[in-house]
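For the protein sequence lines, the chains are A and B, in the order given.
First residue of the first sequence: 1, per my numbering; consecutive thereafter.
First residue of the second sequence: 1001, per my numbering; consecutive thereafter.
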Amino acid sequence: MEEKYLSRHFGIDKAYNLDVYEQQGGYSTLPKAFAMDTDAIIAEMKKSNLRGRGGAGFPTGVKWGFMPRDSDVEKYLVVNADEGEPGTFKDRMIMELDPHRLIEGCVMTAWALGLRTGYIFVRGELQLAIRRLEVAIKQAYEKGYLGKNVLGKGLDFDLYVHSSAGAYICGEETGLIEGLEGKPGQPRMKPPFPAIVGVFNKPTLVNNVETIAAVPFILEHGGEHWASMGIERNGGPKLYGLSGHINKPGVYEAPSGITVRELLERFGGGMREGSDLKAFIPGGSSCAVLLPESLDAQMGFETLREAGSSMGTGCITFMDQTTCMVRLSARLAHFYHHESCGQCTPCREGTGWAYKVLNAIEAGQGTPDDLALIQDMITGIAGNTICAHGDSLVIPVRSYIEKFGQEFEDHVQNKRCPFPRWRKMRNTQRMSA
Amino acid sequence: MALEFSDKSEDKFNEIVARYPDTHAALLPVLLLAQSEFGWVSVEVMDYVATRLNLNPAKVLSTATFYTMYNKQPVGKCHIQVCTTLSCALNRGYELLELFEDRLEINVGETTHDYGYTLSEVECLAACGTAPMFQVTWSDGEIEYFEDIDPDKIDGVLEKLNARLSDLPDTRRMH
């Protein structure tokens, strides 16, 4: 068994309380971090090969390097805790079970980049996470880890929890910034990037929860140590959320570069009895679906791209032979339509039309022209919008049609879906908008 | 009657506003606070929030209608929100939704006559490892997750929910 980092405290009773966290060695690396300057810290972050854990996988050290160095400008830290990519449930564990880890990471980040204010942007539904974070922040203030002159080192850093109110699009970093400003979460054009013009029009660093939670370990053990627990360009252990038709769904820590097969068999307990793996989604619903032949793909941004999909959040959904790929693609189209912020026509309208046509095929009302129609529609979405939300539907739908084209054609030809229904009592599959 | 926060909510309001460099940024959490105080987000509530934050009411309206957690009409004391996205769809989430419809004798999207329950279908709630699951928003503003639910034991689940109803305010009468 590898040593645990990110999930080290998950099994410890009340590790969300400051005294327990300190007993476990928490906050003890702060003096070491405070003895390092901006360049030294960014150098360690780059060496660590830590990639943004929210799904985009941008190298964290490089992102930090984009932040302006002027000391007289107000700069903000925003932690993206708007976890909502279907299939993803890892950040929640950090916030609920080990909130001080996140706070300690925030303090170090603030020190490194001269940030005076931080907001943890949590989706409003996660009330336990919000409560645990609020209590932990209060405890950290009382102990002098937050507030004026932290540990007497001259750092003034305030940290707050910002509760969102239900909008998947706020997980997109500029949508999140709009939401933090009190507005509808409609993503902004980039550039300018948040590092130049972010929240309240000030330079802003936006990082995912798991990314920031890794910072204390990287500064404690050094960037090289972190990078050694991974593969080329993908450093460090990571939290993998496994779900679907498997025996032991849950969140597990393992190194970057572990194969999907090992995650499924060693941690997920394999497929359930009577379930054969039909397909899996490696990193949340916006990733292309993969077949069992890709089980030996390594969890990394480049390796999964080579396998024809993407790493995303690293939370894997496994599906068995009872899963209808037409219905699943319709369900995902419904999700992306429902969550479209509405400002770009191709996404707002295109996701809705994709849903209607896919749902018609699933209901046995598809025509032979519909598959070409869908291809045409999603081509109109891809690349024609401000943010990646529209593409997040295009990528999976294309992959379902490419890998399970026969299933789509059979639905059209036989005018029915051959798979067991999700709803048992009613004849029609209904998804209320 | 003019709306007014209770003393407790007033304290919370001041604490929230103090976190941000401008009042607009306080809008999301203040609207949630107002919803837990006044039951639902009516135009009257939006106006009150606009006044308190010195914002144009149109700005409050555009935000209040964008986010799904604000109820623009009264809901039941117990607002059941069943997740049916990806992992929940694969793990009997729709059956769970259907059983709630059956037992509560309402369709998804509807509220029982006594405003005890509202039933909604919602998108991914980041609990995929414990599917199927549902979230409850109680009329006092508390949110609770119910995870790893066995749809065959729905009646026991409903009994537990029922037990809490009598202590909760009716959202129609909260303002």
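Positions of the beta carbon are idealized from the N, C-alpha and C atoms, including for glycine.
* Taking all protein chains shown into account, do 16 or more other C-beta atoms lie within 10 angstroms of the C-beta of A/V62, making it buried, or fewer, making it exposed? -> exposed
* Let me know the secondary structure DSSP gives A/L421 once reduced to three states. => Looking at the sequence shown, residue 421 of chain A is not Leu but Arg. Here A/R421 sits in coil by DSSP.
* Assigned exposure category for B/E1142 - 16 Cβ within 10 Å defines buried -> B/E1142 comes out exposed.
* Asked: Does DSSP put A/C341 in a helix, a strand or coil?
  -> coil
* **Range of the contiguous beta strand (DSSP E) that encloses A/G244** => In the DSSP assignment, A/G244 falls within the beta strand (DSSP E) that extends over P237 to G244.
* DSSP bridge partner residues for A/R51 (one or two, in chain order) -> A/P59
* In the segment 128-203 of chain A, which residue ranges form an unbroken beta strand (DSSP E) of at least 3 residues, counting only runs that do not cross its ends? -> 147-150 and 155-163
* Asked: With 16 other CB atoms within 10 Å as the buried threshold, where does A/R416 fall?
  -> exposed
* Looking at the C-beta of A/Q375, does it have a partner C-beta in chain B at a distance below 8 angstroms? -> Interface annotation, A/Q375: not in contact with chain B, CB-CB separation never under 8 angstroms.
* Determine the direct distance from the alpha carbon of B/D1102 to that of A/R188, and round the result to whole angstroms. => 44 angstroms
* **CB contact check: B/H1175 to chain A, cutoff 8 angstroms** => no
* Cross-chain neighbours of B/I1080 in chain A, by beta carbon under 8 angstroms -> Residues of chain A passing the Cβ test: none, with the nearest at roughly 13 angstroms.
* At a Cβ threshold of 8 angstroms, is B/E1100 touching chain A? -> The sequence as given places Phe at residue 1100 of chain B; Glu does not occur at that position. It does not: the Cβ of B/F1100 has no partner Cβ on chain A nearer than 8 angstroms.
* Asked: When you compare each of A/A195, A/L176, A/F200 and A/N149 to A/D70 by their alpha carbons, which one comes out closest?
  -> A/A195
* Asked: What residues are listed by DSSP as bridge partners for A/G114?
  -> DSSP, once it has assigned bridges, lists no residue as partnering A/G114.
* What's the gap between the Cα of A/E232 and the Cα of A/E83? -> 27 angstroms
* **Chain-ordered neighbours of A/Y160 on chain B, where CB pairs are closer than 7 angstroms** => R1019
* Asked: To which residues does DSSP link B/C1078 through a beta bridge?
  -> B/Y1117 and B/W1138
* Asked: Between B/M1133 and B/C1088, which are expected to be in contact by the criterion C-beta below 8 angstroms, what is the C-beta distance as a whole number of angstroms?
  -> About 7 angstroms; that satisfies the 8 angstroms criterion.
* Does the beta-carbon distance from A/C315 to A/T174 come in below 8 angstroms? -> no
* Please go through the segment 214-294 of chain A and give each complete beta strand (DSSP E) segment of 3 or more residues, from N-terminal end onward. => 237-244, 250-255 and 277-281
* What does a CB cutoff of less than 8 angstroms around A/G257 pick up in its chain, not counting 5 residues either side in sequence? -> G230, I231, N234, Q298, M299, G300 and T303
* To do: Keeping to the same chain, check which residues put their C-beta closer than 6 angstroms to that of A/N17; ignore five residues upstream and five downstream.
  => none
* Asked: beta strand (DSSP E) containing A/T317: first to last residue?
  -> I316 to D320
* To do: Determine the direct distance from the alpha carbon of A/N207 to that of A/I361, and round the result to whole angstroms.
  => 40 angstroms
* Distance, B/T1068 Cα to B/G1076 Cα -> Answer to the nearest angstrom: the Cα atoms are 16 angstroms apart.
* **chain B within 8 angstroms of A/E339, Cβ atoms only** => yes
* Asked: Straight-line CA distance for B/V1043 to B/L1061?
  -> 8 angstroms
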